[in-house]
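To start, the structure itself, in structure tokens.
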Amino acid sequence: MTESLEDYSLSKRILKSRKGGLKKVGVIGCGNMGQEIVRIISQHGIDVVFIDLSEERIQTILEEINTALDQVINKWGLTISEKRAILSRIKGTTDYKDISDCDLVIESINIKQRFTSLEARKEVFKNIEAVVSPTTVIASNNSTLMISDLASVLKHPERVVGVNFITPSATVKVVEVIRGLKTNDATHDYAIRFIKMLDKTPITLHESPGNISTRLIVTLINEACELLMEGVASVQYIDMTMKDGYGLQFGPFELADRVGLDKVLKWMNNLYLEYGTANFKPSPIIKRLVRANYLGKKTGKGFYKYDEGKIISQAITATEFI
Amino acid sequence: MKIIVLNCGSSSIKYQLFDMTKKETMAKGVVDKIGLHGSYVKHERNDGDAITLEGEIVDHQAGIEYVLGILTSKRRGSLNSYDEINAVGHRVVHGGEKFHDSVLITAEVIEKVTECIDLAPLHNPPNLKGILAIQELLPKVPQVAVFDTAFHQTMPKYAYMYAIPYSLYVKYGLRRYGFHGTSHRYVSQRAYEIIKKEPCEVKMVTCHLGNGASIAAINCGHTIDTSMGLTPVEGLIMGTRSGDLDLGILMYIMQKEEIDLHAANTLVNKHSGMLGITGISSDMREIEDAAQNKDERANLGLEMYYYRIRKYIGAYSAAMNGLDVIVFTGGIGENSPKTRAQICNNFGYLGLEFDEEKNNNLHGTEAILTKNSSKIKVIVIPTNEELKIAEDTERIIKGN
């Protein structure tokens with residue numbers, strides 16, 4: 002007779018009595034933010050399986066995660082054995098069936114188009130629901146779309162919640178947890194617990210396009226562009242004023258470069274569509290930079306020029322690219 | 230009297246069942262990877278029967294339920310029923326300034342241990358989980374908390390204070406607390422028995438040299454100073470911890486490497502120590518092997534390691550105005566003759582006569598390593614923190 006651990010339970014109720022375990026999380030879409038989320042989850046001892054479009058893409062993503070972890074090691078934030086443990090908990094797949102046993106699935110797709118990714122995200126939501134159990138919590142990591150819109154395509158919309166990680170999510174302590182119209186208490190509490198398991202502080206809010214973070218930062222970036230266009234001050238001086246004057250970690254231009262100007266533009270387009278007010282209307286400077294593929298830190302040029310990730314000079318003035 | 234000793238970590242539980250009439254371990258084991266993929270219980274009975282069982286262990290309470298289930302099972306157990314369990318003793322890492330001795334666990338004690346979470350955010354929460362799980366599973370069984378910090382609470386204020394603004398001590402309790410207290414207490418008390426002397430006749434330095442390492446000066450049976458401080462990073466060079474460090478260096482590194490507090494913490498706790506210096510390993514055996522093969526950095530690391538310990542012993546003998554006994558314990562202290570020799574050979578000026586031959590042949594057993602004529606006795610004593618926790622638990626239960 003083979004023995005199992007369950008044979009020694011005081012009662013056979015141990016597993017059933019304490020629901021809400023979190024052992025495996027699915028992440029759909031593994032762009033920059035998806036990768037950051039995968040790393041954080043695995044770093045906290047939870048198995049994570051990500052879905053992306055092709056086997057080649059999966060290999061690339063795993064290599065990128067490997068490189069990102071090496072960079073953390075080089076900056077003393079991690080040990081080699083910790084890295085090994087983190088990587089051992091990460092699996093990539095193209096098959097939705099591989100997320101069927103996940104306790105939580107986070108959609109974090111990155112669509113390279115100028116306007117809303119709502120329809121694509123709805124499709125992903127339907128794909129997730131088709132394979133997971135009826136109680137699996139489904140979350141969306143996005144900052145400008147409404148959770149209730151995404152939930153509307155599901156049979157169980159009550160299990161949908163928004164979790165908005167703010168970049169660079171490895172170091173940012175807060176995560177917005179967004180409650181949709183139909184999100185039930187169990188789902189909401191589960192999301193809060195999940196965020197706390199990642200040693201982060203959940204900020205709970207009711208759904209509103211842009212949440213708190215994106216709605217306020219977009220306005221700041223747009224207004225900074227206005228100042229620049231009016232020739233009031235240079236990129237550096239505007240950033241320095243906000244950084245040193247108000248104790249922000251980054252000035253508005255450096256921040257926009259870090260987020261990626263294509264993403265900032267998409268945020269602005271979505272919020273402008275939603276609210277229709279001028280403070281969300283994308284600044285012509287941002288449109289111009291995106292058209293020129295000056296997308297920020299990731300392309301080496303944005304409001305600033307970069308060398309090996311470090312700012313070397315301002316890249317534009319009010320009227321011209323430098 | 231039958232006592233279970235629990236040592237609950239963030240994702241593991243080490244346990245031992247003691248029969249205190251014979252002071253014997255009846256069974257012991259570990260529950261590991263709690264709440265994670267691949268969790269298991271590894272159990273061993275004193276007759277050699279052993280098994281590893283894998284399965285889902287969702288939290289500490291589930292882990293403890295399985296342990297109790299195994300201990301009382303017909304096939305693998307050592308007890309007929311839970312009624313045989315007289316008490317449970319818990320290792321609790323940080324008791325702050327609130328606990329000078331082990332205590333019977335009450336609601337008030339739980340509250341105070343909770344207040345100490347600030348000082349040991351990684352250790353006290355799982356310790357509490359174990360206490361609460363037993364409270365729910367065995368509500369009638371008394372529990373005792375045995376603190377790592379309690380033994381060192383006898384330090385005089387001039388030894389435990391840091392020379393920083395006094396208001397920060399008042400506000401946050403920033404001071405030296407020291408760790409490995411249960412081990413230092415066990416080996417020091419055992420040393421008095423071995424040399425057949427009363428505590429007040431002996432000035433002693435105990436060296437707990439494991440992957441984590443600390444050293445304590447014990448006079449009249451009380452700690453008067455110890456090398457670990459507010460956190461376990463201070464003092465001796467350890468496997469991956471730096472030990473004593475100029476604070477200016479850390480600030481310089483943070484500025485130059487542009488790293489945050491988390492990375493700075495990882496740097497001094499996980500990238501430093503013997504691993505950081507040698508670049509080989511945090512394991513002393515591997516470093517000693519490399520040094521044999523003339524690896525320069527392995528040799529440097531070992532020299533630094535020995536030097537730091539010698540320096541502390543010298544300082545503590547001055548602090549006590551004398552030295553009668555040096556005790557070695559912990560994985561390295563018990564098993565590395567080279568380490569013991571390199572440290573002891575520098576104390577000839579105090580009249581220490583080391584027995585090299587005896588030292589070379591000793592691994593992991595109790596023995597005196599000095600000649601009869603030696604003014605200072607060097608003793609190796611394998612530590613047994615679990616037994617000490619069980620003894621404390623028995624003492625406190627009987628006292629109530």
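In order, the protein sequences belong to chains A and B. Residue numbers for the first sequence follow the numbering used here, so the first one is 2 and each next one is one higher. Residue numbers for the second sequence follow the numbering used here, so the first one is 230 and each next one is one higher. Ideal placement from N, C-alpha and C gives every residue a C-beta, glycine not left out. Being a predicted model, the structure only gives us computed values, none of them experimental.
At a Cβ-Cβ threshold of 9 Å, B/H319 and B/I363 count as neighbours. The way I'd put it, the segment 289–309 of chain B doesn't touch the segment 71–80 of chain A; fewer than three beta-carbon pairs between them come closer than 8 Å. Here the C-alpha atom of A/V164 lies approximately 6 Å from the C-alpha atom of A/I179. Under DSSP, B/C345 takes part in no beta bridge, so it has no partner.
Chain B has a Cβ within less than 9 Å of the Cβ of A/Y9. Taking the Cα positions, B/I299 is about 26 Å away from A/L23. The beta carbons of A/P203 and A/E177 sit closer together than 9 Å.
Taking a 10 Å sphere around the C-beta of A/A192, we find 16 or more other C-beta atoms and assign the residue as buried. The beta carbon of A/E4 falls within 9 Å of a beta carbon belonging to chain B, placing the residue at that interface.
With fewer than 16 other beta carbons inside 10 angstroms of its own, B/P350 counts as exposed. Under the 9 Å criterion on CB atoms, B/I488 is classed as interfacial with respect to chain A.
Ranked by Cα distance from B/N522, the options B/I509, B/H592, B/M533 are led by B/I509. In the DSSP assignment, B/E525 forms no beta bridge with any residue. Around A/D48, the beta-carbon contacts reaching into chain B at under 7 Å are H266. Going by beta carbons, B/R470 and B/V434 fall outside the 9 Å limit. A distance of 9 Å or more separates the beta carbons of A/G30 and A/D48.
Closest option to A/M230, judged by alpha-carbon separation, among A/Q36, A/I218, A/S284: A/S284. Using a 10 angstroms sphere on the CB of B/Y395, the tally of other CB atoms stays under 16, which defines it as exposed.
Contact between A/T188 and A/V138 is confirmed by a C-beta separation of about 5 Å, below the 8 Å threshold. Judged by DSSP in its simplified three-state form, B/Q372 adopts strand. Per DSSP, B/V554 is one residue of the beta strand (DSSP E) stretching across 554–558. In terms of Cβ geometry, B/I516 and B/G530 form a close pair [threshold 9 Å].
For A/L79, the nearest CB of chain B lies under 9 Å from its own CB, placing it at the interface with that chain. If you ignore the 5 residues before and after B/V338, its C-beta comes within less than 7 Å of the C-beta of V332, A374, all in its own chain and listed in chain order.
With its beta carbon at least 9 Å from every one in chain B, A/E255 lies outside the interface.
Take B/K341, set aside five residues on each side of it, and the residues of its chain with a beta-carbon closer than 6 Å to its own are K327, in chain order.
Contacts with chain B at 9 Å (Cβ-Cβ) include A/T172.
Contact check for A/V154 and A/K123: beta-carbon distance about 5 Å, within the 8 Å limit, so the pair qualifies. Distances from the alpha-carbon of B/R539 to those of B/F583, B/K231, B/Y401, B/Q571 put B/Q571 closest. Contacts with chain B at 9 Å (Cβ-Cβ) include A/V73. Under the criterion of beta carbons closer than 8 Å, B/T378 and B/G324 qualify as touching, at roughly 5 Å. In the three-state reduction of the DSSP assignment, A/G35 falls in the helix class.
Here the alpha carbons of B/I232 and B/A619 stand approximately 6 Å from one another. Taking one beta carbon from each stretch, the segment 480–494 of chain B and the segment 580–594 of chain B have fewer than 3 pairs nearer than 8 Å; the two do not touch. If you check the CB distance, B/N440 and B/G560 come in under 9 Å. At least one CB of chain B lies nearer than 9 Å to the CB of A/R90.
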